[in-house]
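Participant: Using UniProt numbering, the letters of the sequence shown map in sequence onto residues 1 to 302.
Glycine residues also receive a C-beta, built at the ideal position from the N, C-alpha and C atoms.
My questions will all concern the structure given below.
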Amino acid sequence: MLKYHCLNPIAEVGLERFTENYTTAENEADADAILVRSAGMHEMEFSSQLKAIARAGAGVNNIPLDKCAEQGIVVFNTPGANANGVKELVIAGMLLAARDIVGGIHWVEENEEDGDIAKKAEKQKKQFAGTELDGKKLGVIGLGAIGVRVANVATHLGMDVYGYDPYVSVDAAWKLSRNIHHAKTVDELYKECDYITIHVPAMESTKNMIDKDALSLMKENVVVLNFSRDVLVNSEAIVDALVAGKIRGYVTDFPIPELAGVKGAIVIPHLGASTEESEDNCAKMAVDEVMDFLENGNIQHS
Ligand code: MLT
């Protein structure tokens with residue numbers, strides 16, 4: 001009987017299908033298929049028994065693709081399966097940057113024992129005043145499953161959305177979202193937008209794409225959002241831009257020590273895909289892909 005091993009816990013709904021059909025391997029060396037979420041696999045040695053690795057997520061930068069190709073191991077991912085979860089957190093990230101919700105909640109926590117808290121709030125709330133998203137320009141870099149969803153919601157919030165994706169033709173992008181302006185170059189988007197969100201995979205060509213030069217083209221007071229991968233944004237450049245007041249905010253789903261205590265940094269511990277629905281969708285899709293491959297030789301999303 002075929003054996004699988006999970007390097008990270010995956011949603012029950014996916015595991016059930018696996019356990020009904022296969023047995024659990026004691027460890028990865030004994031497995032025909034490995035399921036992984038975010039565990040790093042670059043240092044691992046793979047046995048000749050291993051046939052497939054499935055990532056319950058879109059990015060595959062935690063998997064050594066070259067080594068897998070050399071050893072004939074097929075790597076799967078689950079594009080789009082968690083796109084709604086990530087989209088919603090990006091929108092929440094924009095709102096967190098626009099309104100001082102976090103500051104206001106901390107204030108309430110500090111004052112909640114005060115019997116006069118309501119009156120005190122009326123006197124002090126001015127310090128938490130924010131701005132609205134309605135009427136602001138949002139730049140979406142990368143018009144894949146997440147980028148297009150973010151663009152569509154943002155237009156409903158009254159934002160003027162600019163999209164840029166060198167791999168998506170204007171015609172295709174128009175079909176995905178009729179409401180976005182198509183920036184001809186990424187520089188055009190940098191120059192125009194008040195909020196800029198990145199939705200591209202981590203590759204050699206996208207590493208540090210938001211660097212000192214990119215930041216220098218952006219408007220004063222821009223908010224940059226990165227819910228894709230930490231390596232897309234140069235950490236030194238973003239910290240310098242925040243400290244110098246060149247940009248107003250950096251909202252990211254990737255905690256790094258350099259951002260600790262930096263004003264304007266809003267850091268979330270990689271929760272974009274951490275919803276029941278996204279976890280279920282990713283686990284189901286990853287298990288389906290692996291089973292279809294092991295049993296029928298079909299390869300989807302590899
Ligand atoms: C992804 O690549 O889709 C996310 O990193 C998934 C996750 O949070 O595990």
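1. How would the residue list near the ligand MLT read, in chain order, if you kept each one whose beta-carbon is closer than 6 Å to any heavy atom?
2. With 16 other CB atoms within 10 Å as the buried threshold, where does M1 fall?
3. List, from N- to C-terminal side, the alpha helix (DSSP H) runs of 4 residues or more that fit wholly inside the segment 70-129.
4. Scan the segment 200-278 and note each continuous alpha helix (DSSP H) run of 4 residues or more that stays entirely inside, going in chain order.
5. Less than 7 Å between C-beta atoms, sequence neighbours within five positions excluded: which residues of the same chain meet that for F293?
6. Straight-line CA distance for E258 to A237?
7. Do A25 and A31 come within 8 Å of each other at the CB atom, strictly closer than that value?
8. Please tell me whether P269 and G59 are closer than 8 Å, where the distance is taken between their beta carbons.
9. For A154, I'd like the list of residues in its chain whose CB is within less than 6 Å of its CB, leaving aside the five on either flank, ordered along the chain.
10. At the level of alpha carbons, what is the spacing between V243 and G261?
11. Taking C-alpha atoms, which residue in G245, V231, D253 and V267 lies nearest to D61?
12. Skipping 5 residues on each side, what residues in its chain have a beta carbon closer than 6 Å to that of N296?
13. Can you tell me the Cβ-Cβ gap for N226 and T252, rounded? I've got them flagged as a contact below 8 Å.
14. Determine the extent of the beta strand (DSSP E) in which Y190 is found, giving its start and end residues.
15. Quick check on H182: does DSSP put it in helix, strand or coil?
16. Using 8 Å as the Cβ pair cut-off and three pairs as the minimum, do the segment 185-194 and the segment 214-226 touch?
17. Taking the straight line between their C-alpha atoms, what separation do you get for S48 and E28?
18. Closest to L168 by C-alpha separation, out of G245, G147, A273 and N208, would be which residue?
19. Where does H156 fall in DSSP's three states?
Facilitator: According to the structure shown:
1. R37, S38, G57, A58, G59, N82, H270, G272 and A273
2. exposed
3. 83-98, 101-111 and 117-124
4. 212-217 and 235-243
5. A52, V74 and I299
6. 11 Å
7. yes
8. no
9. L138 and V161
10. 11 Å
11. As written in the sequence, residue 61 is Asn, which differs from the Asp given in the question. Answer by Cα proximity: V231.
12. none
13. 4 Å
14. From DSSP, Y190 is part of no beta strand (DSSP E) but of the alpha helix (DSSP H) over V186 to E192.
15. strand
16. yes
17. 11 Å
18. Reading off the sequence, residue 168 comes out as Val, not Leu. When each option's Cα is compared against that of V168, the closest is G147.
19. helix
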